[in-house]
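Trainee:
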Amino acid sequence: MERTQLTIPVVALRGLTVLPQMIISFDISRKKSIAAVEKAMVGDQKILLVTQKRTEEMNPQAEDLYQMGTIAMVKQLVKLPGGVIRVMAEGEERAELLSLNADGSYLEGEAEIRATEEENLGQVEKEAMIRIVKEKLEEYGRVDQTAAREILPNLLAITELPELLNQTAVQFPWEYTVKQQVLDQVYLTGQYEQIVSILLTEIEVFQVKKEFQSKVKAAIDKNQKDYILREQMRIIREELGEDNPMSDADELKEKLASLKAGKEVKDRIAKEIERFKGMPGGSQDANVLRTYLETVLELPWDKVTRDNNDLRHAEEILNEDHYGLEKVKERVLEYLAVRILTKKGTSPIICLVGPPGTGKTSIARSVARALGKKYVRISLGGVHDEAEIRGHRKTYVGAMPGRIVEGLKQAGVKNPLMLLDEIDKVSSDYKGDTSSALLEVLDSEQNVKFRDHYVEIPVDLSEALFIATANTTQTIPGPLLDRMEVIEVSSYTENEKFHIGKNYLIPKQMERHGLMKKDLSVSGAVLEKIIHNYTREAGVRNLERRIGDICRKAAREILEEQMREKSRQKTKSLKAAEIKTEKADKKAGKEKAGHEKTIRVTEKNLEKYLGREKIQFEDACETDQVGIVRGLAWTSVGGDTLEIEVNVMPGKGVLQLTGQMGDVMKESAQTALSYVRSAADQYGVKNSYFEKHDIHIHIPEGAVPKDGPSAGITMAAAMMSAVTNRLVSAKTAMTGEVTLRGRVLPIGGLKEKLLAARMAHIEKVLVPAKNRPDVEELSREITKGMEIVFVTSMEEVLREALLGTAEKK
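In the numbering used here, the protein residues as written are 1 to 809.
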């Protein structure tokens with residue numbers, strides 16, 4: 001018989017065997033399986049479905065797969081959450097896997113189609129086989145009523161032997177190993193013998209099962225329904241000759257004997273096991289206690305991992321995973337050095353504080369990798385119940401350990417790195433104070449014997465390394481903040497974002513979207529434009545999203561180009577159908593190779609991939625004006641410039657504030673006005689002027705709420721400019737809090753504010769003198785090209801900001 005060989009994408013199935021004429025849906029999540037299905041969809045939609053011998057193998061090789069599989073047609077793909085794809089396929093032909101290439105992005109195999117061989121069987125022999133199979137099917141239907149109703153009518157109507165044997169294996173819900181035995185049989189007689197053997201075994205199993213159920217019903221009372229399962233197990237064990245089966249309590253004792261724990265812990269668990277042993281089986285209390293014992297026996301009481309104490313290795317990993325953040329890296333390495341020297345968790349707990357997307361969580365993950373520790377992330381965002389931290393008492397229905405103990409259980413060791421994510425988002429209610437529960441966790445003097453309400457046995461947390469993250473320290477309770485050492489993770493500069501995008505985000509997103517280096521080219525100028533005009537953030541999350549948008553569109557372009565190329569090849573093949581020489585086939589194979597075109601994203605075609613520019617930074621005014629001063633503000637996504645406008649009109653001395661100012665900013669405006677009135681004489685303005693004029697302060701973008709005291713000197717300068725009719729330098733910006741006496745007080749968020757000033761092309765920035773240390777810590781990249789003027793009083797501010805008198809129109 002002539003056999004056909006072909007090269008085809010392969011999907012390795014776990015716990016599932018597909019037969020010819022079988023329509024089935026299954027889920028895949030492994031990258032190579034997804035890539036194989038996608039490759040098939042690009043081609044003729046055919047894949048080879050082969051079953052794994054061991055379901056736990058994640059990267060199967062040829063020896064891990066059964067030799068016989070089924071070529072199937074992919075009918076439908078559905079994307080599910082979590083990167084899972086549901087595939088609907090129909091088995092078509094049996095095929096033998098001759099070889100497997102597992103080195104590429106998907107499994108690809110050389111297969112040979114193996115049709116069922118009938119061995120010259122006569123019609124009489126086939127008819128005899130059909131009758132025997134149908135007799136066994138009818139016998140099976142007498143012991144299994146469900147099969148008799150749902151499966152047998154269709155099977156008994158089949159008149160052809162190959163179809164009857166195949167459909168019997170397809171229709172019955174047998175184990176995948178049983179179906180694989182049928183699939184392995186290439187000869188018709190072999191399939192017949194296998195099916196009959198399976199049916200005989202199934203009939204015998206149902207009969208024995210029926211006998212067991214009869215014995216159980218005769219042995220127990222109708223009211224003892226809770227004991228039915230236990231009695232079935234007892235009778236089965238008696239039939240098998242197991243006179244002394246191990247009880248649940250004995251199994252728990254065995255686990256206790258092998259548990260690495262102190263004497264106090266073991267004695268307490270042993271006492272609970274004895275109590276469990278005396279409880280009636282199947283009772284609710286016994287189930288609760290069994291769950292408790294299984295939980296405490298899974299905890300890593302004395303199991304630890306050996307830390308990597310190579311500080312140079314830690315530094316290499318931090319530099320490999322993160323660009324910039326030099327101060328953060330330096331402080332983390334100092335902290336690790338203390339941990340290595342002290343050997344115990346007596347050093348302060350780190351709290352990484354910074355805007356979203358600046359790498360706080362990934363820094364913690366890198367520290368865990370550098371130290372060789374297990375990594376556990378505990379999300380505290382929105383946690384308001386103390387029991388979430390300390391656990392529920394086990395007397396309650398559905399009780400479970402708290403997140404800390406659950407994290408230890410997940411890690412499997414007592415010295416993991418535990419990331420307390422979003423610690424500034426915890427809250428409290430009538431159920432308890434969550435932050436107070438965290439006090440015990442983060443106190444090295446107390447966490448040696450941390451008590452979880454569920455476990456009830458003291459748990460040692462002193463060897464765990466805790467790192468917390470937060471967006472701000474303002475919402476963290478004082479006592480909790482006092483137990484942590486805060487490390488500021490500030491906003492990235494544009495240069496840092498550029499290098500992160502170029503060296504980390506673009507390669508990461510290209511790999512995630514299945515693109516090779518030759519497939520996509522993004523120039524430096526394009527990356528700079530994306531940073532400046534398509535994102536406005538302190539971190540790089542939106543930058544990564546925009547790069548992902550480009551990669552998705554590029555992937556679609558590449559796929560469409562491949563499909564067009566394939567269509568052109570098919571057209572050429574049809575024209576050359578009459579020429580069936582080996583030379584022509586080889587030439588067609590070469591022409592079928594994938595496209596070599598590189599997609600280049602430039603400043604001109606960037607709008608095609610990302611749409612119109614999303615962000616327009618407001619540059620400094622071209623001309624000097626009266627009553628308009630540019631301030632600097634800090635927001636959750638970085639810094640921004642803030643234009644403050646002041647108008648003076650004849651009136652009765654009313655101060656009008658618009659632009660959604662908060663209470664603190666309104667008070668700051670009142671303070672600024674009081675200073676302006678007290679200093680007006682020095683600038684040639686009489687006190688009676690303020691009684692006859694109204695002052696209106698407005699901050700544009702009225703829909704956006706604004707608050708804080710740092711615009712005090714800006715509002716004072718704008719008011720003084722308006723009442724004296726003196727111009728203010730358009731290239732000057734300022735930030736600082738003002739007092740009634742005209743003193744300038746320090747402010748926060750200076751790095752973000754100076755970054756915003758730089759982006760707005762500000763030439764001179766007035767900064768409180770007490771913020772000089774903050775400026776000196778900043779990199780030259782931020783302050784380059786800007787004159788930083790340190791001021792201590794409003795007199796100095798006005799001297800730097802006010803120019804000559806404006807001409808009256």
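Quick reminder that beta carbons are idealized off the backbone N, C-alpha and C, glycines included.
Per DSSP, what are the beta-bridge partners of His-698 in this structure?
Mentor: His-698 is bridged to Glu-645 and Thr-658.
Trainee: I'd like the ranges of any alpha helix (DSSP H) spanning at least 4 consecutive residues and lying wholly in the region 361 to 387.
Mentor: As far as the region 361 to 387 is concerned, it has no whole alpha helix (DSSP H) run of at least 4 residues.
Trainee: By the three-class DSSP mapping on this structure, what secondary structure does Asn-244 have?
Mentor: With a pLDDT of 45 at Asn-244, under the threshold of 50, the modelled position of that residue is not reliable, and the figure given next carries that caveat. Of the three classes helix, strand and coil, the one that applies to Asn-244 here is coil, per DSSP.
Trainee: Taking DSSP as the reference, what is the three-state secondary structure of Ala-588?
Mentor: The predicted model places Ala-588 with a pLDDT of 46, which falls under 50 and marks its position as unreliable, so this point remains unresolved.
Trainee: Should Leu-80 be labelled buried (16 or more other beta-carbon atoms within 10 Å of its own) or exposed?
Mentor: Exposed: under 16 other Cβ atoms inside 10 Å.
Trainee: Under three-state DSSP, which class holds Leu-333?
Mentor: Looking at Leu-333 - three-state DSSP - the assignment turns out to be helix.
Trainee: Give a yes or no on whether the C-beta atoms belonging to Arg-664 and Gly-708 are separated by under 8 Å.
Mentor: As written in the sequence, residue 664 is Val, which differs from the Arg given in the question. Going by C-beta atoms, Val-664 is nearer than 8 Å to Gly-708.
Trainee: In the DSSP assignment, find the unbroken alpha helix (DSSP H) run with Ala-169 in it and report its ends.
Mentor: Where Ala-169 is concerned, the enclosing alpha helix (DSSP H) stretches over 161 to 171.
Trainee: Given this structure, state the Cα-to-Cα distance separating His-693 from Lys-652, to the nearest angstrom.
Mentor: Rounded to the nearest angstrom, the two C-alpha atoms are 6 Å apart.
Trainee: Comparing the C-beta of Asp-460 with each C-beta of chain D, is any distance below 8 Å?
Mentor: Absence of chain D from the displayed structure is noted, only one protein chain being present.
Trainee: With 16 other CB atoms within 10 Å as the buried threshold, where does Ala-525 fall?
Mentor: With fewer than 16 Cβ atoms within 10 Å of its Cβ, Ala-525 is classed as exposed.
Trainee: Would you kindly work out how many angstroms separate the C-alpha atoms of Asn-244 and Asn-447, rounded to a whole number?
Mentor: Note that Asn-244 scores a pLDDT of 45, beneath 50, so its modelled location is shaky; the value from the coordinates is reported in the next line. Cα-Cα distance, rounded: 44 Å.
Trainee: Taking the continuous alpha helix (DSSP H) assigned at Asn-687, which residues delimit it?
Mentor: From DSSP, Asn-687 is part of no alpha helix (DSSP H); its letter is neither H nor E.
Trainee: Under the rule that 16 or more other beta-carbon atoms within 10 Å means buried, what is Ala-314, buried or exposed?
Mentor: So Ala-314 counts as buried.
Trainee: Please state the DSSP three-state secondary structure of Gln-45.
Mentor: Gln-45 falls in the coil class under three-state DSSP.
Trainee: Should Asp-452 go down as buried or exposed, given a rule of 16 or more other Cβ atoms within 10 Å for buried?
Mentor: Asp-452 comes out buried.
Trainee: Would you report the Cα separation of Glu-607 and Lys-425, rounded to the nearest angstrom?
Mentor: Approximately 38 Å between the Cα atoms of the pair.
Trainee: Just mark Arg-142 as buried or exposed, buried being the case when its beta carbon has 16 or more other beta carbons within 10 Å.
Mentor: Exposed.
Trainee: Could you pull the start and end residues of the beta strand (DSSP E) that Gly-631 belongs to?
Mentor: First-last of the beta strand (DSSP E) with Gly-631: 628 to 635.
Trainee: Suppose the cutoff is 8 Å on Cβ atoms and the five residues either side in sequence are ignored; what does the same chain contact list for Thr-434 look like?
Mentor: Leu-380, Val-383, His-384, Asp-385, Glu-386, Glu-388, Ile-389, Val-426, Ser-427 and Ser-428, listed in sequence order.
Trainee: Tell me whether Asn-725 sits in a helix, a strand or coil according to DSSP, three-state version.
Mentor: Three-state result, Asn-725: coil.
Trainee: Let me check understanding here. Comparing Cα to Cα, which of Gly-109, Ser-29 and Asn-59 lies closest to Arg-86?
Mentor: When only C-alpha atoms are compared, the closest one is Ser-29.
Trainee: Kindly give me the distance between the Cβ atoms of Asp-421 and Ile-378, rounded to whole angstroms, as I take these residues to be in contact under 8 Å.
Mentor: With a Cβ gap of about 7 Å, Asp-421 and Ile-378 count as contacting.
Trainee: Given that a residue counts as buried once 16 or more other Cβ atoms are within 10 Å of its Cβ, and exposed if not, what is Glu-544?
Mentor: Result: buried.
Trainee: Is Val-797 near Ile-788, with beta carbons less than 8 Å apart?
Mentor: Not in contact: Val-797 and Ile-788 (Cβ atoms no closer than 8 Å).
Trainee: Rounded to whole angstroms, what is the Cα-Cα separation between Tyr-176 and Gln-5?
Mentor: Cα to Cα, the separation comes out at about 26 Å.
Trainee: Which same chain residues, not among the five before or five after His-595, have their C-beta less than 7 Å away from its C-beta?
Mentor: Note on His-595: pLDDT 49, under 50, position unreliable in the model; no value is reported.
Trainee: Counting pairs of beta carbons, one from the region 332 to 342 and one from the region 268 to 281, are three or more of them closer than 8 Å?
Mentor: The answer is no - the region 268 to 281 does not touch the region 332 to 342, with fewer than three Cβ pairs under 8 Å.
Trainee: So Val-455 packs on Val-328, CB below 8 Å; how close in whole Å?
Mentor: Contact doesn't hold; Cβ gap of about 35 Å is too wide.
Trainee: Ends of the alpha helix (DSSP H) at Ile-530?
Mentor: 524 to 533 is the span of the alpha helix (DSSP H), which, as asked, contains Ile-530.
Trainee: Taking all protein chains shown into account, do 16 or more other C-beta atoms lie within 10 angstroms of the C-beta of Pro-60, making it buried, or fewer, making it exposed?
Mentor: Pro-60 is buried by the Cβ-count criterion.
Trainee: Classify Gly-91: buried if its beta carbon has 16 or more other beta carbons within 10 angstroms, exposed otherwise.
Mentor: Looking at its Cβ environment, which holds 16 or more other Cβ atoms inside 10 Å, Gly-91 is buried.
Trainee: Which value, in whole angstroms, describes the spacing of the CA atoms of Val-413 and Glu-251?
Mentor: Taking the straight line joining both Cα atoms gives about 23 Å.
Trainee: Starting from the N-terminal side, write out each stretch of the alpha helix (DSSP H) that is 4 residues or longer and does not extend beyond the region 381 to 467.
Mentor: You should have 387 to 390, 403 to 411 and 434 to 442.
Trainee: Which class does Gly-190 belong to by DSSP, given the choice of helix, strand or coil?
Mentor: If DSSP states are grouped into helix, strand and coil, Gly-190 belongs with the helices.
Trainee: Is Arg-630 buried or exposed, if buried means 16 or more other CB atoms sit within 10 Å of its CB?
Mentor: Buried, since its Cβ has 16 or more Cβ neighbours within 10 Å.
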